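For reference, the structure discussed in these notes is given below.
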Amino acid sequence: MKKAALAALLALGCATGASAQEAAAEGRRLFQQRCASCHATETGINRIGPSLAGVTGRQAGRLEGARITEALRGSGLTWDEATLDRFLQAPRQLVPGTSMMVALSNPAQRAAVLAYLATLR
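Per mature numbering (1 follows the signal peptide of the UniProt record, and there is no 0), the sequence shown runs over residues -20 to -1, 1 to 101.
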């Protein structure tokens, strides 16, 4: 399964132009279906989970004003593409004690959501 996720990420990383835009658009659609009830995409708006605006490159558990579990705060993770992929695949496996319950087992769906998250600044 890790090989499939890596292949999807590599394919996404090689995508340019319309295909990268299509991946981000699909990721936005999936985000609306699977993530938006708990996460906002606007800076400073935290819901059940933290805002995901600018999440790529951010240290896990350090967003001011967000409700964060001690498990995530103490994880020492930084949200790069590979870490986000692993977290979205199995949140409670990567960070036991996290309150994140939704997982995306499909590598192509995770890659699309990651493409969308990368557009959020």
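Note that the Cβ used here is the ideal one computed from N, Cα and C, for glycine as well.
Note that this is a predicted model, so its numbers are computed, not measured.
- Straight-line measurement puts the Cα of A20 at about 8 Å from the Cα of A33.
- Here the C-alpha atom of G56 lies approximately 11 Å from the C-alpha atom of L74.
- Distance from the Cα of V93 is smallest, within the candidate group I28, L43 and V35, for V35.
- The region 81 to 98 and the region 38 to 57 do not touch, with fewer than 3 CB-CB distances between them shorter than 8 Å.
- Inclusion of I28 and C18 in the CB contact set at 8 Å is warranted, their separation being smaller than that value.
- In its chain, beyond the 5 residues on either side, G24 and N26 have a beta carbon closer than 8 Å to the beta carbon of G45.
- Distance from the CA atom of L97 to the CA atom of D65, rounded to whole angstroms, is 11 Å.
- Apart from the 5 residues on each side of it in sequence, S85 sits with its Cβ closer than 7 Å to the Cβ of Q69 in its chain, given in chain order.
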